[in-house]
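Working notes, beginning with the structure itself.
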Amino acid sequence: MVEGSDLTENERRRVIEHLQTGTEMMVYQQRVERLTVQVIRESTQMALIRSDDKIVRMLDIFEFKEVRQWETFRDFQQFNESRGSRFRRIFYQSEKELQQDSRKCLTIFYGSEFILKSLSLKADSVEDAERWLTGLELLRQETPATHTPEIVESWLRKQMYSVDQTKKNSITLKELKSLLPQMNFKVPGGRFLEDKFVEVGANDYSLDFQQFSKFYNLLIFENQKMLLEEFEKGPAAFKISNTDSPESSVVSLYDFHNFLLYRQKDTCARNVNQVQELMTIFIEDTIRKTINPTLTVGEFLSFLFSKENSIWDEKFSEICPLDMNNPLSHYWINSSHNTYLTGDQLCSDSSIEAYVRCLRLGCRCIELDCWNGPEEPVIYHGRTMTSKIKFKDVVKAINDHAFITSEYPVVLSLEQHCDIKQQKMMAQILQDIFQDKLLTEPLEPEAEDLPSPNQLKGKIIIKHQKITESDQTVKLEEERGNTAVKRKLDSFKKIGNSCREKQIRKARENRVVEKEGELCIWDPIDKRFYRHDCVISDNKLYYSEEKWKEDSPESDSELHLSEPWFHGFLAEGRITAEKLLRDFCQGKNGKDGTFLVRESEKLIRNYNISLWTNGRIQHYRIFCSSQNGQWSFYLTCKQLFPSMCALIEYYTQNLIKYDGLNLRLSGFLPRLNFVPLRHLGWFYSNLSQAEAEDYLLRIPRDGAFLIRQTEKPDTFTLSVRFDGDVEHYLIYQYNSKYVLTDAYEFGSLEDLVSCFRRELFYGKTKLRYPVTPQLAARFCLVDLSKYDYEQYSEVSKDNPLGDQCKGVVDISKCTVACKAKHARPLVVTLLNRESFNPTEFTCENVEQVDEWYQALLNIIQNEQSLEKARIAEMESKTKIAVQMSDMVIYCQSIKKKTFENYNYKEVRSVPDNMVPKEGNETAVEKSDSILEYNRKAVTRVYPCSGRVDSSNFDPCPSWKLGCQMVALNFQTADKFMQLNGALFSLNGGMGYVLKPEWIRDPAKKKPAKQSIIIRVMAARHLPNPDHIVSPFVQVELWPYTGGQADDYSFKTTLFKDNGLNPVWLGPMNPPKCFKIDEPDLAFLRFVVFEEDTFSDAKFLAQATFPVRGVRSGYRSVQLKNRCSENLELSSLLVHVQQLEV
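Under my numbering, the sequence shown has 977 at position 971, and the numbering climbs by one with no breaks.
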């Protein structure tokens, strides 16, 4: 389906025209029938028409709530299960054919009740189906924006078409007599209708549409023209000369402008152009649509009753993004109880569509009562006759519809009755379906408040019980909290190998050491391996500082690392070496004996020399062995050398006589980007202090360093990163010596760096990472979080390596793998399951690598076995699956009914009868504790167990105490759901409304008290329940806070036999003044009743508004049904005056 917003105006027009032409489709109703489906644009309806042009059914487009492409909807399924259906064959096609067929199907959900009706259609082609999907969605979105005069015209056509069986686009006197009672109007006796026919110019007792429209204007005006007297007195009065007919007098631009400015106090009245545009909407005669427009008195009255003159200030319905940055606990959250039910709690149906409906109504907290099913979890009201639905189907529906109306987070309140096995199934279903929508990690682990709705956009939050953290976990968190404490600084001293070994031996006393030795650990910053002393003990891997070449007699064995002919690791080894040599020698007529040395691809501490000879490339192994701590390098065992450099130097002077080779090394291929030692990159001749700090702070490790020349001659600065900060030390040149902070002298800067590569610099850190421009640039492009773990790795002093311990890896929290990596045949990777930080190491030979790998694997497997046993015991005690518990991040269900000793991640659930009510003096202290709790954590209030009929409770006392999730039965359309709908109409209907400041912050004062004066004047188009009504209006102020009922409500008189245009004027219907203590929490509710034959009040319509968004002046109240769905054209005219006390 193409989104309507992606279409041009011409494309939109063509799509709508296609729908108006009509399309033959299969229509699934009580039976399957092939009908023409056609949009009647002028009456805003969709018709189902048989081949004989007989209209089977008409649907009002303004009732369309959703058009959905077919997946598994019940209308299609019913016919699938019907053996007698001749269309059953479409469900027995191949998977590919079935998918193609499904794209031809669509379902329209429509209605004005909580549970919607549906109509399923199947087009002949995918193109037709998609055009209808797009077109109906366009019409559905356009309809609410239609102006009132257009709605009136559409409504009049609908009335005419309802009785015009002959399709002659006219209505006879007889048909009109039958129609008027349906329009809620009782026809007066005598020649009332005949006279009206003459007045509108009808000849043969038949009205065409223009005449019918004129007749309607006369009829609607006749009974309400007395309202015009209101505007001939008071401020901004204007004279109306004649009120005999709707066109008998006009209201000028000047008078209308003053009316909006002084009586209505409309902000739009400040702009005359906007006033002209508003008038133009209601002018029927295009001749009067000029720069100086006028309204007839009939049009003026139409404006007064229109939605364009609504009592509700639409700015309060706009989304306020800046208001969505507070913690979740600062909001009222639109919440549902027993979301799955369509009726009472005993025998009503459970429905997936109930979840869809709630979500699309803006509900952000929905309830799932989960019970064991035969094979998988189900949802229903346990131990009752309510029907069951699959948990998985509900989760799929939530996933599809959660963020259609609102992008802000949805809380799934899980009431858990499943066993551990099915809880694990639930966790897997939630993970598989929601995927990255599911919140599984805290956004800010160190935060002290809940995250904001803006931070949680598009997220599903699980509300469920959480397994209590063990003492071990608490202890671990306490240890983690100490990482901010700086390590004790050691004094600056030289520590030799003998001292190192003594300390290690001492620390190992009385401790079981499972494995020890030397490992080569990969440094991701230098991208090379460094040797470390390592010990496995207590299921932890301890490792020492890296061992540099100066630390041991092996120093000569690594001299080649800084030689230009040594290329280190080469990807694809032999192949790369041959390519490099061939390119080098062929391009420069290379001499025989040109060479490079590289590390072996397969063996650690073995090397290969690649030689150019006679236009070919030969490869020979350079062996390396150690005996009594002394290393030897050799091509043949007859000639041994103490270092690789000595070997190369010897063969540049002497012939290599080996395996048929007889030549001297004549030259070498230099390593790419090689620079001499003095210019390794840590020295800068022109770098400011700010630039130096910028470079160093990019490298996420202590020991990163550089030296830079200052502006003064013979002075330098050593800049070192330590403990996350950068420190600077002065170096100056004196008598050919380099003096560091007046304490140390060195023959060269290289000597200085070399010294502190071995020793701790001022007892803090070694100079570990020379910062080159290339290194700094590389760390601009990577995620630094994966490097942070080592820098602040804290270890206890009681460890097997003593003071030499640099870090520790908790093996029990890791997974282990072993494979070729970093040009080594085997590298062991320990991956932390929580932080995903890897520790990678290898050894001198493959056998040693395997031994370490097996030792780690045994520890991890043993720990996993213990963990499984511990989890099984924990689950058995708590009846909560660990997988479900782990999904609970911010909404941890707590069963306490008190409000002390809490943390911000809790949600405490209480029944409505436990919420303190105003006027109960004993509950004041409890109210204060609840209010304080709700500033930090969350409360869910739900209907008490006695409400088996799914009735609702008054949510206002809970809202006043700051309770966020006041969960109501959405399926029960009562006054309390109407109050809920009014509150959450604020902030764009997003389901989150920021609580007033005085509820969020005890230091803030309540706003000033108000008085509001209401007078009900008239109504139009009241609902018609199959007879002409005798209406009266009741106005209520919510919440009731005690006192006399008359202080919170009043009624108009009864108006007999007229629901089309009743009027309530005169002394019997005086205005009523309400006193409002808390305007932020107050609601105005208008309810229209009729009096039945037994003088009982029967509900007709209602409209409920937060007082904060009510506008003053002569205003229309757009009426709704019980479910707060708009009633077409149904409205009251009231006068509102607001005063601050």
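The beta carbon of each residue, even a glycine, is placed where N, CA and C say it ideally should be.
In the DSSP annotation of this structure, the continuous segment of the beta strand (DSSP E) that includes residue 825 starts and ends at 820-827. Here the C-alpha atom of residue 369 lies approximately 27 angstroms from the C-alpha atom of residue 314. Residue state for residue 762 is assigned as helix, using DSSP reduced to three classes.
Of the candidates 921, 919, 895 and 922, 895 places its Cα closest to the Cα of residue 910.
Taking a cut-off of 8 angstroms on C-beta distances, the segment 700-708 touches the segment 769-777, as three or more cross pairs fall below it. Annotation: the segment 920-977 contains the following complete segments of the alpha helix (DSSP H) (minimum length 4 residues), in chain order: 930-939 and 962-966.
Inter-residue distance for residue 763 and residue 432 is about 55 angstroms (C-alpha atoms, whole angstroms). DSSP places residue 567 in the helix class (H, G or I) of the three-state scheme. In the structure shown, residue 1089 adopts extended strand secondary structure according to DSSP, grouped into three states. Between residue 1068 and residue 1109, the CB-CB gap reaches or exceeds 8 angstroms. Nearest C-alpha to residue 644 among 199, 664 and 658: 664. About 18 angstroms separates the beta carbon of residue 224 from that of residue 187, a gap too long to meet the 8 angstroms contact definition. Here residue 668 is exposed. Its C-beta has fewer than 16 other C-beta atoms within 10 Å. Looking at the DSSP output, residue 625 bridges to 616.
Remark: C-beta atoms of residue 889 and residue 913 do not approach each other more closely than 8 angstroms.
Note that the C-beta distance between residue 720 and residue 695 is not below 8 angstroms. In the three-state reduction of the DSSP assignment, residue 450 falls in the coil class.
Per DSSP, the continuous alpha helix (DSSP H) segment holding residue 309 begins and ends at 303-311. Bounds of the alpha helix (DSSP H) holding residue 141 are 132-148.
Annotation for residue 462: no beta strand (DSSP E) segment contains it, and DSSP assigns it neither H nor E. In summary, residue 414 is buried, with 16 or more beta-carbon neighbours lying within 10 Å of its beta-carbon over all protein chains present. Residue 518 counts as exposed, since fewer than 16 other beta carbons sit within 10 angstroms of its beta carbon. Residue 585 sits in a helix when the DSSP states are folded into three classes.
The DSSP-derived three-state label of residue 407 is helix. When the beta-carbon positions are compared, residue 339 and residue 365 stay at least 8 angstroms from each other.
Rounded to whole angstroms, the separation of the alpha carbons of residue 51 and residue 128 is 19 angstroms. Under the three-pair Cβ rule at 8 angstroms, the segment 271-283 does not count as touching the segment 189-203. In the structure shown, residue 1011 falls within a coil segment according to DSSP collapsed to helix, strand and coil. DSSP places residue 982 in the helix class (H, G or I) of the three-state scheme.
Closest in alpha carbon position to residue 887, among 292, 228 and 471, is 471.
Around the beta carbon of residue 371, 16 or more other beta carbons sit within 10 angstroms, so the residue counts as buried. When the beta-carbon positions are compared, residue 1005 and residue 1142 stay at least 8 angstroms from each other. Bounds of the beta strand (DSSP E) holding residue 844 are 844-848. Taking the Cβ atoms as the reference, residue 947 lies roughly 6 angstroms from residue 918, within the contact range of under 8 angstroms. The C-beta distance from residue 343 to residue 949 rounds to 6 angstroms, short enough to meet the 8 angstroms contact threshold.
In the three-state DSSP reduction, residue 445 falls in the coil class, being neither helix nor strand.
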